[in-house]
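Chemist: Chains as they are written, first to last, in the numbering used here: chain A, 1 to 269; chain B, 1001 to 1371. Okay, here's the structure, questions in a sec.
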């Protein structure tokens, strides 16, 4: 489609979604969505409330089965992957959920090693390294011995992020992972993701609300609206006022930031 | 939902400190080992002391020599057979039964609380104990109590069927609107429990048992039990305990909620099903020999969690030990409080001990209970 330099090798598909219908019994939230994410991409999935973003996350992570269509992760249909196998291929940075029991933050991050461990196996040095590294990257080392229930929303979210990194998967799926954070932390998290994406080739799929944050870091954007894929393409071609006005049904102005190749969106009153 | 608790963001801008070197590689903290060790020691001590208590007076020296004689028969050759019978076959058997029953109930409570994410769950509040008691009474009334098949007594099997049936009923009632709510589940448990208690009373009356037997069955009792009862419980406790130990890591992950547990690679449906069955099996075996003893499964897991944290691999052994200890102490009180060898149902004692503790949790640890 957009091959600027023709003889470049196309990276293998990491996620393949084909004509997926998915939702609650009797009501499809996703009404036939198809897209492919290739290795090394940094994709933002955006759209207004109720567009089907959360359902897409649940379908991709195998929590809610697709009623029709197919989802493949690294070449295997998600419903045929074993649970642990799936969790070794893709980690989900979940939305802050309910935490009933006061685990220490390090215990929470250690849970990310679960898909790599056998039933009676104790934590190996390999596990400890992964945990330490994940906590270091997310700047959560100082929370190690603190209780997860004693942290603020944003702090908790970073621990959950560390847990996902400890899974050491080639694909990271973020589900509104930075919504509870302030601007400074949001940027910090996305800088980390950007670095892992560029240097380690980790594929990032970030489901998010914040168009401007996505515009700074994602190289490709998917827009969902009412269960359909409304737009899909490189940021440059998707981030236009005409398209955004159609999706968000509100006047929009898109501005280039001088001195960079980035754009930002201003929603007009 | 945990949202809207109004936490002020207190983020340290650049608090990059090195990892605390004390913890990483040694996984089981010394605090947990200390807890297990001191519980074990207390149990051994308590078992010895309570073996000397009873209407028939026996000096501790005699008890000690009789216990030694289990290893080398010559140690107590001069002691009267009646005394030997009372100490070994009545008291020590009863001590062992109290320990196994308590361990079973507490373990089941910890599993129910972990799997259902419900701090009020335990074999009693969920109606599982009453279900098991109903199954067992029905089996006794129909004369199945003495049936053995491949060396397995029919009684715990009937109790297990009753326990699973009651749990299923409570589960159905508790999730009327598609979701399971902590309070609805307990309400459903109380309804099922009350209903089945009435049936137990009726069955017992049909069986021409006296009212006092019914009371002892519904409030729990270990009186008149022997080694055969201990042997009845132990296989089930070991089997159930093994399954529970198998899934202790998953129990930790389940506390993150279904979605996150599944995203981390837990087969939530299967794991939950197996854990609930294992907990019900263990409960059923305990109830089949002891009747309904409340509060142990509710209080013990909370007590242990408060002291060594919620990680189930540390928690479960301590829970089993403390559960055993609590029932042992309660049962000793039950058989020695009243003068003249009269007994109180042990469930009465556990409720009297456990009630105030739970009041304390409700008043001072609301946040911990997250109600």
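For each residue, glycine too, the CB sits at the ideal point set by N, CA and C. None of these values were measured; they are calculated from a predicted model.
Between residue 250/A and the rest of its own chain, which residues show a CB-CB distance below 7 Å, the 5 nearest in sequence each way excluded?
Modeler: Result list for residue 250/A: 267, in chain order.
Chemist: Quick one: does residue 1246/B have its CB under 9 Å from some CB of chain A?
Modeler: Chain A, which has a Cβ nearer than 9 Å to the Cβ of residue 1246/B, makes this yes.
Chemist: Going by DSSP, what residues sit across from residue 264/A in a beta bridge?
Modeler: For residue 264/A, which the question treats as bridged, DSSP gives the partners 255/A.
Chemist: Could you tell me whether the Cβ atoms of residue 1132/B and residue 1102/B are closer together than 9 Å?
Modeler: Not a contact, by the Cβ cut-off of 9 Å.
Chemist: If you count every other CB in all the chains shown that lies within 10 Å of the CB of residue 184/A, and 16 or more means buried, which is it?
Modeler: Looking at its Cβ environment, which holds fewer than 16 other Cβ atoms inside 10 Å, residue 184/A is exposed.
Chemist: In chain order, what residues of the same chain have a beta carbon less than 8 Å from the beta carbon of residue 1338/B, not counting five sequence neighbours either side?
Modeler: Here the set comprises 1344.
Chemist: Measuring alpha carbon to alpha carbon, tell me which of 92/A, 59/A, 239/A ends up nearest residue 262/A.
Modeler: Per the Cα distances, 239/A.
Chemist: Determine the direct distance from the alpha carbon of residue 1245/B to that of residue 987/B, and round the result to whole angstroms.
Modeler: Within the shown structure, residues of chain B are numbered from 1001 to 1371, placing residue 987/B beyond reach of any answer.
Chemist: I want to see whether chain B comes within less than 9 Å of residue 87/A, judged by CB atoms only; does it?
Modeler: Output row for residue 87/A: interface = yes.
Chemist: What span of residues does the alpha helix (DSSP H) with residue 137/A cover, start to end?
Modeler: Unbroken alpha helix (DSSP H) run through residue 137/A: 125-137.
Chemist: Quick one: list the residues of chain B neighbouring residue 262/A, beta-carbon separation under 7 Å, in chain order.
Modeler: Under the 7 Å cutoff, chain B gives no residues; its nearest Cβ is about 25 Å from residue 262/A.
Chemist: Between the region 1133-1140 of chain B and the region 1155-1170 of chain B, do three or more beta carbon pairs fall short of 8 Å?
Modeler: With a cut-off of 8 Å, the region 1155-1170 of chain B and the region 1133-1140 of chain B count as touching, because enough Cβ pairs lie within range.
Chemist: Tell me which residues of the region 1241-1268 of chain B have at least one Cβ-Cβ distance to chain A shorter than 7 Å, keeping chain order.
Modeler: Residues 1246, 1249, 1252, 1253, 1255, 1256, 1257, 1259, 1260, 1262, 1263, 1264, 1265, 1266, 1267.
Chemist: How close, in whole Å, do the beta carbons of residue 1062/B and residue 1079/B come, if the pair is a contact with beta carbons under 8 Å?
Modeler: Their Cβ separation, rounded to whole angstroms, is 6 Å, which keeps residue 1062/B and residue 1079/B in contact under 8 Å.
Chemist: What does residue 1117/B reach in chain A if we use C-beta pairs closer than 7 Å?
Modeler: Near residue 1117/B (Cβ distances below 7 Å), the residues of chain A are 100.
Chemist: With a threshold of 16 other CB atoms inside 10 Å of the CB of residue 82/A, please say whether the residue is buried or exposed.
Modeler: Exposed: under 16 other Cβ atoms inside 10 Å.
Chemist: Helix, strand or coil, according to DSSP, for residue 1338/B in the structure here?
Modeler: Residue 1338/B falls in the coil class under three-state DSSP.
Chemist: Less than 9 Å separating the beta-carbons of residue 1190/B and residue 1134/B?
Modeler: It is not a contact, given that the beta carbons lie outside the stated cut-off.
Chemist: Please confirm if residue 134/A has its CB atom under 9 Å from at least one CB of chain B.
Modeler: So, not an interface residue.
Chemist: Hey, would you say residue 1259/B sits closer than 9 Å to residue 58/A, going by beta carbons?
Modeler: Contact: yes.
Chemist: For the structure I just gave you, are there three or more beta carbon pairs, one from the region 1275-1285 of chain B and one from the region 147-154 of chain A, closer than 8 Å?
Modeler: At 8 Å Cβ cutoff, the stretches do not touch.
Chemist: Quick check: what's the CA-CA separation for residue 106/A versus residue 138/A?
Modeler: Rounded to whole angstroms, residue 106/A to residue 138/A spans 13 Å at the Cα level.
Chemist: Just confirm the distance between the C-beta atoms of residue 45/A and residue 206/A, as a whole number of angstroms; I'd bet it's less than 8 Å.
Modeler: Confirmed, Cβ separation roughly 7 Å.
Chemist: Just the Cα atoms here: how many angstroms apart are residue 1113/B and residue 1302/B?
Modeler: Near 9 Å, if we compare the C-alpha coordinates of residue 1302/B and residue 1113/B.
Chemist: Which residues in the same chain as residue 1340/B place their Cβ atom closer than 6 Å to its Cβ, once the five residues preceding and following it in sequence are excluded?
Modeler: Taken in chain order, the list of residues that qualify is empty.
Chemist: Could you confirm whether any beta carbon from chain A is found closer than 9 Å to the beta carbon of residue 1362/B?
Modeler: Chain A contact via Cβ: absent.
Chemist: Taking the straight line between their C-alpha atoms, what separation do you get for residue 144/A and residue 1320/B?
Modeler: Near 29 Å, if we compare the C-alpha coordinates of residue 1320/B and residue 144/A.
Chemist: For residue 1025/B, which residues of its own chain have a beta-carbon under 8 Å away from its beta-carbon, when the five flanking residues on both sides are left out?
Modeler: Note that residue 1025/B scores a pLDDT of 40, beneath 50, so its modelled location is shaky; the value from the coordinates is reported in the next line. Nothing listed; no residue qualifies.
Chemist: Identify whether residue 117/A lies in helix, strand or coil by the three-state DSSP scheme.
Modeler: Correct three-state label for residue 117/A: coil.
Chemist: Does any residue of chain A have a CB that is nearer than 9 Å to the CB of residue 1317/B?
Modeler: Residue 1317/B does not count as touching chain A.
Chemist: Do you know offhand how far residue 1241/B's Cα is from residue 1224/B's?
Modeler: Whole-angstrom Cα-Cα distance: 26 Å.
Chemist: Is it true that the region 197-212 of chain A meets the region 166-174 of chain A, where meeting means three or more beta-carbon pairs spaced less than 8 Å apart?
Modeler: Verdict: yes, contact present.
Chemist: Spell out whether any CB of chain B is found under 9 Å from the CB atom of residue 208/A.
Modeler: Not an interface residue.
Chemist: The alpha helix (DSSP H) with residue 38/A in it runs from where to where?
Modeler: Careful: residue 38/A lies outside any alpha helix (DSSP H), inside the beta strand (DSSP E) at 27-38.
Chemist: Buried or exposed for residue 1206/B, please, with buried defined as at least 16 other CB atoms from any protein chain shown within 10 angstroms of its CB.
Modeler: Classification for residue 1206/B: exposed.
Chemist: Cβ closer than 9 Å: which chain A residues qualify as neighbours of residue 1109/B?
Modeler: Ordered by position in chain A, no residue passes the 9 Å Cβ test against residue 1109/B, which lies about 14 Å from the chain.
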